[in-house]
Every structure is written in structure tokens, then in C-alpha cells.
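Peer 1:
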Amino acid sequence: MSNLINPTEVTKEEFLAARLSQECEKDSLDKVAICTLLNHLKHQRQKYYRALLTKEGFENLVIAYHKHGGDLMVSEGGQPLADIIEKYTEALRNESNECWQKVNRMKTIIAKEVQRSGNIFPESMTPFVSDVGDLAIHGHYKQHEPESLYIGGYHRFAAYGLWVIENNFQPLSLYYCEGTGTAR
């Protein structure tokens, strides 16, 4: 079994246009996201795909270092998504935590989109992963297992992970950036 199924190659331009569009919809530009996209322009050998994340792929997701104020959500170098999801469960809910609020808003978007279309996220919010940490989020990952998929973003995947715990796994449509070819 593999991390992804039904991969369809897309151009770098299509991938970058989708990512830039998502960034431009935010209230303020994210410097790390822009640096990550610039990293994609610098590198020339990667390939891009639209694909579905499998259950095995879900188990191989690694989420980037993340901190909100004094709250460390993910350790430096990144951690498996499964290891941090418990921080967002109802029992540990901290409504004053900005990160928890963002994850909760994303979870609401997921619930509405699943009901509306059967998809996890609307097309305009399609997330992405890479087999190279620096192509997912520039400067936030250490090397993990060869089959690891590095998450390009944070709150969407934290919400998706929480949604999976509450509703069972459903494949996720996403962009995949293949930098080394080891994780697919």
C-alpha cells in the first residue's frame, strides 16, 4: 500500500497559482509561506500531483514546528500528526488559545464541505504535502522516516486529523510535491 492513490501530474505553475491564491485570501501574508513558495521556484526537479491521501498516508503525516504565544503545539523539527491531535480534543479544549480557535474554525469548514459536496475541503482550500520538508514549510522540519509526508500548512491538517478521530478516515484530495520520490 502507499501514501497516495490516483496521482495525476499537474504543472508547477498550476500548483503555485493554487498556493498563491490561497495565501492571498488570508488577512495578512505569511512570510514563511511566501519563502516556501519561493523555494519551489528555486528548485527545478520536483514534480507536482493531485492525489488522494490514503489511510497509510494519513499515518505517515508529519506536521511542522508550531507555536502560538507561549503555547508550543508541535516540537522543533516536526512531529507525526497523530501525536499532536490529542491537544485539540474537546477534553483539552482551550478556547482562549488562538491556535485552537483556528483549528476549530477549520473543523467547521470541513463539516460544512462534507455535507455540501462529500469532500473534506473546498477546492479553493486544497492542502498539500511533500516528501521533502523544506518544500512543505521552509525551515521547519528535520528529516523523519523515508515514507513521511511533510505537511504544507498547519491548522487545516490539525482540523482534518481531529475530524478523522471523530468521524473515521476519509481520503483527502490534495497536492503532492515529489522532491525525491521516496514517499509516494
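If you read the sequence shown in the working numbering, its first letter stands for residue 910, the second for the next number, and so on. Just so it is clear, CB atoms sit at the ideal spot from N, CA and C, and this is done for glycine as well.
Just mark residue 1042 as buried or exposed, buried being the case when its beta carbon has 16 or more other beta carbons within 10 Å.
Peer 2: Classification for residue 1042: buried.
Peer 1: Closest to residue 1072 by CA distance: which of 1028, 1052, 1088 is it?
Peer 2: It is 1028.
Peer 1: Say whether the segment 940 to 956 touches the segment 1015 to 1027, bearing in mind that this needs 3 or more beta-carbon pairs closer than 8 Å, one atom from each stretch.
Peer 2: Counting Cβ pairs under 8 Å, fewer than three are found: no touch.
Peer 1: Nearest to residue 927 by CA position, among 1032, 1088, 1025, is which residue?
Peer 2: Ranking the options by Cα distance to residue 927, first place goes to 1032.
Peer 1: Does the distance from the C-beta atom of residue 974 to that of residue 966 stay below 7 Å?
Peer 2: Not in contact: residue 974 and residue 966 (Cβ atoms no closer than 7 Å).
Peer 1: Secondary structure at residue 1010, three-state DSSP: helix, strand or coil?
Peer 2: The answer is helix: DSSP assigns residue 1010 an H, G or I state.
Peer 1: Alpha carbon to alpha carbon, how far is residue 1061 from residue 1077?
Peer 2: Rounded to whole angstroms, residue 1061 to residue 1077 spans 22 Å at the Cα level.
Peer 1: According to DSSP, is residue 956 helix, strand or coil?
Peer 2: Three-state DSSP puts residue 956 in a strand.
Peer 1: Please name the residue, chosen from 994, 1086, 1052, that lies closest to residue 1068 on a Cα-to-Cα basis.
Peer 2: For the residues 994, 1086, 1052, the minimum Cα distance to residue 1068 belongs to 994.
Peer 1: How close, in whole Å, do the beta carbons of residue 969 and residue 1057 come, if the pair is a contact with beta carbons under 8 Å?
Peer 2: Right, the Cβ-Cβ distance comes to about 5 Å (below 8 Å), so this counts as a contact.
Peer 1: Put residue 976 into one of helix, strand or coil per three-state DSSP.
Peer 2: Correct three-state label for residue 976: strand.
Peer 1: Note the first and the last residue of the continuous beta strand (DSSP E) segment covering residue 1082.
Peer 2: Element bounds for residue 1082: 1081 to 1087.
Peer 1: What does a CB cutoff of less than 7 Å around residue 1083 pick up in its chain, not counting 5 residues either side in sequence?
Peer 2: So the list reads 960, 962, 1035, 1036, 1037, 1038, once near-sequence residues are dropped.
Peer 1: Leaving out five residues on either side along the sequence, give the residues of the same chain with a beta carbon under 7 Å from the beta carbon of residue 850.
Peer 2: Since the first and last residues shown for the chain are 910 and 1093, residue 850 lies out of range.
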